[in-house]
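Engineer:
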Amino acid sequence: MDALDLARWQFGITTVYHYFFVPITIGLSLLVAVMQTRWMQTRDPQWLRLTKFFGKLFTINFALGLVTGIVQEFQFGMNWSDYSRFVGDIFGAPLAIEALLAFFLESTFLGLWLFGWGRVPEKLHASFIWLVHIGTLLSAYFILAANSFMQNPVGYTIDEADGRAELTDFLAVLTNPVQLVTFPHVVAAAWMTGGAFVLAFAAWHLWRQGTPQADKPMYRKAAKLGAWTLLVAGLVVAGTGDLQGKVMTEVQPMKMAAAEGLYEDVPEGVGAPFSIITVGTLDGREEVWALTVPKLLSYLATGSLEGEVEGIDHIQERYELTYAGAELTAADDYRPVVPVTYWSFRLMMGLGFAGMAIAAAVLWALRGHGSEVGETRLEGSPWWGRAAAVVLFLPLLANSFGWVFTEMGRQPWLVMGLMTTQTGVSPGTTTGEVVTSLVVFTLLYGALAVVMVGLTLRYGRAGAEQVPEDASYDPATRSDDEPFVFTY
Numbered sequence: 066m067d068a069l070d071l072a073r074w075q076f077g078i079t080t081v082y083h084y085f086f087v088p089i090t091i092g093l094s095l096l097v098a099v100m101q102t103r104w105m106q107t108r109d110p111q112w113l114r115l116t117k118f119f120g121k122l123f124t125i126n127f128a129l130g131l132v133t134g135i136v137q138e139f140q141f142g143m144n145w146s147d148y149s150r151f152v153g154d155i156f157g158a159p160l161a162i163e164a165l166l167a168f169f170l171e172s173t174f175l176g177l178w179l180f181g182w183g184r185v186p187e188k189l190h191a192s193f194i195w196l197v198h199i200g201t202l203l204s205a206y207f208i209l210a211a212n213s214f215m216q217n218p219v220g221y222t223i224d225e226a227d228g229r230a231e232l233t234d235f236l237a238v239l240t241n242p243v244q245l246v247t248f249p250h251v252v253a254a255a256w257m258t259g260g261a262f263v264l265a266f267a268a269w270h271l272w273r274q275g276t277p278q279a280d281k282p283m284y285r286k287a288a289k290l291g292a293w294t295l296l297v298a299g300l301v302v303a304g305t306g307d308l309q310g311k312v313m314t315e316v317q318p319m320k321m322a323a324a325e326g327l328y329e330d331v332p333e334g335v336g337a338p339f340s341i342i343t344v345g346t347l348d349g350r351e352e353v354w355a356l357t358v359p360k361l362l363s364y365l366a367t368g369s370l371e372g373e374v375e376g377i378d379h380i381q382e383r384y385e386l387t388y389a390g391a392e393l394t395a396a397d398d399y400r401p402v403v404p405v406t407y408w409s410f411r412l413m414m415g416l417g418f419a420g421m422a423i424a425a426a427v428l429w430a431l432r433g434h435g436s437e438v439g440e441t442r443l444e445g446s447p448w449w450g451r452a453a454a455v456v457l458f459l460p461l462l463a464n465s466f467g468w469v470f471t472e473m474g475r476q477p478w479l480v481m482g483l484m485t486t487q488t489g490v491s492p493g494t495t496t497g498e499v500v501t502s503l504v505v506f507t508l509l510y511g512a513l514a515v516v517m518v519g520l521t522l523r524y525g526r527a528g529a530e531q532v533p534e535d536a537s538y539d540p541a542t543r544s545d546d547e548p549f550v551f552t553y
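Counting the sequence shown from 1 gives a position; this note's numbering is that position plus 65.
1. Out of curiosity, what's the CA-to-CA distance linking Glu-385 and Asn-464?
2. Taking all protein chains shown into account, decide if Thr-471 is buried (16 or more other Cβ within 10 angstroms of its Cβ) or exposed.
3. May I have a chain-ordered list of the beta strand (DSSP E) segments no shorter than 3 residues that lie completely inside the region 349-383?
4. How far does the alpha helix (DSSP H) with Val-480 in it reach, from first residue to last?
5. Assess contact between the region 89-108 and the region 254-263, defined as three or more Cβ pairs (one per stretch) separated by less than 8 Å. Is contact present?
6. If you drop the 5 nearest sequence neighbours on each side, which residues of the same chain put their C-beta closer than 6 Å to that of Thr-494?
7. Starting from the N-terminal side, write out each stretch of the beta strand (DSSP E) that is 3 residues or longer and does not extend beyond the region 195-229.
8. Assuming Leu-93 is part of the alpha helix (DSSP H), what are its boundary residues?
9. Inspect the CB distances between the region 100-113 and the region 278-293 and report whether three or more fall short of 8 Å.
10. With distances taken between CB atoms, is the gap from Ala-72 to Val-490 smaller than 9 Å?
11. Report buried or exposed for Asp-224, applying the criterion of at least 16 other Cβ atoms within 10 angstroms of its Cβ.
12. Do you know how far the Cα of Val-504 is from the Cα of Gly-49?
13. Tell me whether Thr-173 sits in a helix, a strand or coil according to DSSP, three-state version.
14. With DSSP collapsed to three states, give me the class of Leu-232.
15. My output table needs one value for Gly-435: the three-state DSSP class, helix, strand or coil.
16. Phe-139: buried (16+ other C-beta within 10 angstroms of its C-beta) or exposed?
17. For Leu-15 and Ala-419, I'd like the C-alpha separation in whole angstroms.
18. Is it right to say Gly-511 is buried, meaning 16 or more other beta carbons lie within 10 angstroms of its own, or is it exposed?
19. Does the region 118-134 come close enough to the region 182-191 to have 3 or more Cβ pairs within less than 8 Å?
20. Helix, strand or coil for Met-143? Go by DSSP, reduced to three states.
21. Report the partner residues of Phe-339 according to the DSSP bridge assignment.
22. DSSP three-state call for Thr-80: helix, strand or coil?
23. Which partner residues does Met-484 have in the DSSP bridge list?
24. Measure from the C-beta of Gly-336 to each C-beta in chain B and report whether the shortest distance is under 9 Å.
25. So, helix, strand or coil for Leu-122, using DSSP?
26. Out of Val-301, Phe-168, Glu-325, point me to the one whose CA is closest to Pro-401's CA.
27. Mind checking Thr-485: buried by the 16 CB within 10 Å criterion, or exposed?
28. For Ala-389, which residues in the same chain have their Cβ closer than 7 Å to its Cβ, ignoring the five residues on either side in sequence?
29. To the nearest whole angstrom, what separates the beta carbons of Leu-170 and Lys-289, a pair I think is in contact under 8 Å?
30. Using 10 angstroms around the beta-carbon of Glu-163, count the other beta-carbons present and answer buried if the total reaches 16, otherwise exposed.
31. Suppose you measure from the CA of Phe-235 to the CA of Ala-527; what does that come to, to the nearest Å?
32. Ala-396 lies in the alpha helix (DSSP H); which residues open and close that run?
33. In whole angstroms, give me the CA-to-CA distance for Met-421 and Tyr-84.
34. Write down the C-beta distance between Arg-475 and Gln-317 rounded to the nearest angstrom, noting that I regard them as a contact closer than 8 Å.
35. Closest to Glu-333 by C-alpha separation, out of Trp-269, Ile-199, Gly-372, would be which residue?
36. Using the Cβ count rule (16 or more neighbours within 10 Å means buried), how would you classify Val-353?
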């Protein structure tokens, strides 16, 4: 492989790895805030214990996500300098705001939340973790605004003399049609992941024999909260995904066609079928056999059961005519890797729906507010232990496959219609340099994965610790001479 292929592998590996932490951070910050708020409303110590327990796991995840995220931006200069030079005026603005505003909001108020127990009034202290969650949403918004520009460039002009894209309308970048449907879709998927995280640990403690019987009601509360979050957020993901598909058809028709393995145009009035399973040739250029749902694709793409949907072959011909001869846009083939695009799209949906199904089953098993029947169904079967181990990975992997689909389905474009991937790599980067950094990052990330999993399992298995009486968290009971103490 040459430097281009290795640079793509490196960015893909580091991005997917980093994104394991992002949805957990967004989703878990919300649920920890909800738990603390519930404790303040009910004065039920079980909610306080859950707040401390999942707050600890959230902090571990936040720290690892921070470390892995820093590497992402360095690659823009190391491996993708031509891309950075071309769109740096546009791409840099939302990323700078994310770092200066959103990240500092997250980190500052997370520190105040961690060290502020018993030092500030309860309502003020609870507001800190809500501000952390708001910070994660702002981070997501600005980063997605940058990515949405790559999917659908807006608010720019091309400086022909310098060969650069220059920002002309920052508001247009922030309100990109792709951005407006992608942001709620991604955030809801993160809430799904946070719900699955809470559900997984709560269900595991309900299932295992060593959990004290007195703690079972507490974990049932957490399991219900996680399951409801996973199920409701999943419905939001499905709704926003439908809107996203229609926008994608408009601005990236090749991605939609590749997602369905649709090679031939389906004219208006006929209705394009939705492929459940398609078997194609080894090169991914022709359909051999398919199991389909009639006219469903037309509805997903256009909102009409008989809407027109372009096929891969026709879009390829149109792009060849449109972009032929241009220095930054010309390519031999404008098709993405169809099997990767097709199956990542289905794995994204399938894993998400599977997680929702488990959440619905948990709520069914726990119906009756922890009655004897509910306890028997959830806690008396070894299948629930296995479900607890699996449910976390379903929306987590669905998120990752969603990003694989989003980025691989855009290929060969780095910026849709403006720059192909092969023209964005750093001209001076050698294969040896990329191999070296790829090996170093892989080993480093492998070590961090061991630390992350080890810490999460260690504290997750330990369960929610007992907490002092409620009064010990009242600032009035603490001496001004007592030092700040890290709450964990």
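Here a beta-carbon is modelled for each residue, glycine too, at the ideal position from N, C-alpha and C. Note that the structure is a prediction, hence the values are computed from the model and not measured.
Structural biologist: Concretely, from the data shown:
1. Translated into the one-based positions of the sequence shown, residue 385 becomes position 320. Translated into the one-based positions of the sequence shown, residue 464 becomes position 399. Distance between the alpha carbons of Glu-385 and Asn-464: 32 Å.
2. Position 406 of the sequence shown holds residue 471. Counting every other CB atom within 10 Å of its CB across the protein chains shown gives Thr-471 a total of 16 or more, marking it as buried.
3. Taking only runs of at least 3 residues, the beta strand (DSSP E) segments lying wholly in the region 349-383 are 352-358.
4. For the purposes of this step, residue 480 is taken as the residue at position 415 of the sequence shown. Element bounds for Val-480: not the alpha helix (DSSP H) but the beta strand (DSSP E), 478-480.
5. Between the region 89-108 and the region 254-263 there are three or more inter-stretch CB-CB distances shorter than 8 Å, so the stretches are counted as touching.
6. Against the sequence shown, residue 494 aligns to sequence position 429. Excluding residues up to 5 positions away in sequence, Ala-68, Asn-144 lie with their Cβ nearer than 6 Å to the Cβ of Thr-494 in the same chain.
7. If you keep only unbroken beta strand (DSSP E) runs of at least 3 residues inside the region 195-229, you get 221-224.
8. Position 28 of the sequence shown, counted from the first residue, corresponds to residue 93. First-last of the alpha helix (DSSP H) with Leu-93: 87-107.
9. Contact holds between the region 100-113 and the region 278-293, because three or more Cβ pairs, one in each stretch, are under 8 Å apart.
10. Here residue 72 corresponds to residue number 7 of the sequence shown, with the count starting at 1. Here residue 490 corresponds to residue number 425 of the sequence shown, with the count starting at 1. A contact, by the Cβ cut-off of 9 Å.
11. In the sequence shown, the residue the question calls residue 224 occupies position 159. By the neighbour-count rule (16 or more Cβ atoms within 10 Å), Asp-224 is not buried but exposed.
12. The shown model of the chain, from 66 to 553, leaves out residue 49, and the question about it has no answer.
13. For the purposes of this step, residue 173 is identified with residue 108 of the sequence shown, where counting begins at 1. The answer is helix: DSSP assigns Thr-173 an H, G or I state.
14. Counting from 1 along the sequence shown, the entry for residue 232 is found at position 167. In the three-state scheme derived from DSSP, where H, G and I count as helix and E and B as strand, Leu-232 is classed as strand.
15. Your numbering for residue 435 matches position 370 in the sequence shown. Annotation note: pLDDT 49 at Gly-435 (below 50); position unreliable, coordinate value reported separately. For Gly-435, the three-state secondary structure derived from DSSP is coil.
16. As a first step, residue 139 is located in the sequence shown; it is residue number 74 there, counting from the start. Its Cβ having fewer than 16 others within 10 Å, Phe-139 is exposed.
17. Within the shown structure, residues of the chain are numbered from 66 to 553, placing residue 15 beyond reach of any answer.
18. Looking up residue 511 in the sequence shown gives position 446. Around the beta carbon of Gly-511, a 10 Å sphere encloses fewer than 16 other beta carbons of the protein chains shown; the residue is thus reported as exposed.
19. Of all C-beta pairs linking the region 118-134 to the region 182-191, fewer than three are shorter than 8 Å, placing the two stretches out of contact.
20. Sequence index remark: in the sequence shown, residue 143 carries index 78 (1-based). The answer is helix: DSSP assigns Met-143 an H, G or I state.
21. In the sequence shown, residue 339 corresponds to position 274, counting from 1. BP columns for Phe-339 point to Val-358.
22. Sequence index remark: in the sequence shown, residue 80 carries index 15 (1-based). In the three-state reduction of the DSSP assignment, Thr-80 falls in the helix class.
23. For the purposes of this step, residue 484 is taken as residue 419 along the sequence shown, with counting starting at 1. Its beta-bridge partners are Val-480.
24. Structure shown: chain B not included; a single protein chain is present.
25. Residue numbering aside, residue 122 sits at position 57 when the sequence shown is read from its first letter. DSSP places Leu-122 in helix when its eight states are reduced to three.
26. Here residue 401 is taken as the residue at index 336 of the sequence shown, counted from 1. Comparing Cα positions, the closest option is Glu-325.
27. Residue 485 sits at position 420 when you count from the first residue of the sequence shown. Note on Thr-485: 16 or more other CB atoms within 10 angstroms of its CB, so buried under the neighbour-count rule.
28. Taking the sequence shown and counting its residues from 1, the one referred to as residue 389 is at position 324. Only Ala-395 meet the Cβ criterion.
29. Within the sequence shown, numbered from 1, the residue matching residue 170 stands at position 105. Within the sequence shown, numbered from 1, the residue matching residue 289 stands at position 224. At roughly 30 Å, the Cβ-Cβ gap does not stay under 8 Å, so Leu-170 and Lys-289 are not in contact.
30. Against the sequence shown, residue 163 aligns to sequence position 98. Label assigned to Glu-163: buried.
31. Mapped onto the sequence shown, residue 235 falls at position 170. Mapped onto the sequence shown, residue 527 falls at position 462. Between the C-alpha atoms of Phe-235 and Ala-527 there is a straight-line separation of about 48 Å.
32. Against the sequence shown, residue 396 aligns to sequence position 331. No alpha helix (DSSP H) holds Ala-396; DSSP gives it neither H nor E.
33. One-based indexing of the sequence shown puts residue 421 at position 356. One-based indexing of the sequence shown puts residue 84 at position 19. So the two alpha carbons sit approximately 21 Å from each other.
34. Position 410 of the sequence shown, counted from the start, is the residue given in the question as residue 475. Position 252 of the sequence shown, counted from the start, is the residue given in the question as residue 317. Indeed, because the Cβ distance is near 7 Å, the residues count as touching under 8 Å.
35. By 1-based counting over the sequence shown, the position of residue 333 is 268. Nearest of Trp-269, Ile-199, Gly-372 to Glu-333, Cα basis: Gly-372.
36. Taking the first residue of the sequence shown as 1, we reach residue 353 at position 288. Exposed: under 16 other Cβ atoms inside 10 Å.
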